[in-house]
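Single-structure report; data block below.
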Ligand SMILES: C[S@@+](CC[C@H](N)C(=O)[O-])C[C@H]1O[C@@H](n2cnc3c(N)ncnc32)[C@H](O)[C@@H]1O
C-alpha cells in the first residue's frame, strides 16, 4: 500500500479536499438562503429542501477525530444521522476500511445530496462500505437491524435526541455516540440527556470548532 492510511489515499484525500472547498465556497451561498419566519418549526423535509445545496459539514479536525475514534473502537456497524454531501461519512468509512472490518449506514432526506454523496463515495473507492438510507432518520433507522456500535448524530439538532432514543436499545456498553455543534441551542435537550449519568452515559465535550459531544454508553 503506497499510503499510510485511507485518509492519505489520494482518491480519498482529493474528494475530501474538494468537498471541504465546496463547503467553504457555499458558506456565502448559505448566508444568502432566505429562510422563512418560523423556519425552525417547519418539517424536517422542508428544512432539508431549503438547505439542499448547503453542506454544513463537520470540521477537518472533527473528521480526523471521528477517524481515530472509529479506528480505536473497531465498530461492526457505524450509524450516521445526516449524510449531507458525505464529508463525515468519508472519514467514518476511511476508518472502517483501515480496520478491515465493519460498515457504515448513513441516512439523509435530500435526494440531491444523496446523489452527490454517492458519486463522492464511489470516487473515493469507499462506496462498498457505505449504505445510504434515503428518508427521515426516524423511519429509516427504525428498520436497521442489529447493534449500532458507533453513532454520529449530525442531522437537524432538534431530532438528535429522538434519533438517539430510537437507537438506544441497540447501544451496547462502551458504545460511543458523537454529536456535532454543541453550541447550537436546539441541541440542548440532547445534551441535557447525555450529560445526566442517570440516563446511562458518561459524556464529555471535545473542543473542535463548534464542539463535539462524545458520550459513552454505560
Ligand atoms: C449538518 S448536515 C450533515 C453534515 C454531514 N454530517 C457532514 O459532515 O458533511 C445535516 C444533514 O442532515 C439532514 N437531515 C436533517 N434531518 C434529517 C432527517 N430527519 N432524516 C435524514 N436526514 C436529515 C439534512 O438534510 C442535512 O443534509
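Numbering (the working numbering), first residue to last: 483 to 700.
Cβ atoms here follow ideal geometry from the backbone N, Cα and C, with glycine treated the same way.
Nothing here was measured: the structure is a model prediction, and the numbers come from that model.
Among the candidates 541, 586, 529, 665, whose CA atom is the shortest distance from the CA of residue 556? By 1-based counting over the chain shown, the position of residue 556 is 74. Per the Cα distances, 586.
When you measure from the CB of residue 619 to every non-hydrogen atom of ligand 1, does any distance come out below 8 Å? For the purposes of this step, residue 619 is taken as residue 137 along the chain shown, with counting starting at 1. At least one heavy atom of ligand 1 is found less than 8 Å from the C-beta of residue 619.
Residue 706, buried or exposed, once every other Cβ within 10 Å from all chains shown has been counted against 16: The displayed coordinates of the chain run from 483 to 700. Any statement about residue 706 would go beyond what the structure contains.
Beta-carbon contacts of residue 561 that lie in its chain and below 6 Å, excluding the five residues immediately before and after: Here residue 561 refers to the residue found at position 79 when the chain shown is read from its first residue. The answer, listed in chain order, is 587, 630, 633.
Is the CB-CB distance between residue 570 and residue 607 below 9 Å? Taking the chain shown and counting its residues from 1, the one referred to as residue 570 is at position 88. Taking the chain shown and counting its residues from 1, the one referred to as residue 607 is at position 125. Against a cut-off of 9 Å, the Cβ pair of residue 607 and residue 570 comes out as no contact.
Going by C-alpha distance, which of 638, 637, 648, 601 is nearest residue 621? For the purposes of this step, residue 621 is identified with residue 139 of the chain shown, where counting begins at 1. Its Cα nearest to that of residue 621, the residue 648 stands out among 638, 637, 648, 601.
Starting from the N-terminal side, write out each stretch of the alpha helix (DSSP H) that is 4 residues or longer and does not extend beyond the segment 583 to 610. Whole alpha helix (DSSP H) segments, 4+ residues: 593 to 606.
Give the single residue among 502, 517, 558, 520 whose Cα lies nearest to the Cα of residue 539. As a working mapping, residue 539 is identified with position 57 in the chain shown. Per the Cα distances, 502.
Could you tell me the alpha carbon to alpha carbon distance between residue 508 and residue 675, rounded to whole angstroms? Counting from 1 along the chain shown, the entry for residue 508 is found at position 26. Counting from 1 along the chain shown, the entry for residue 675 is found at position 193. Distance between the alpha carbons of residue 508 and residue 675 is about 33 Å.
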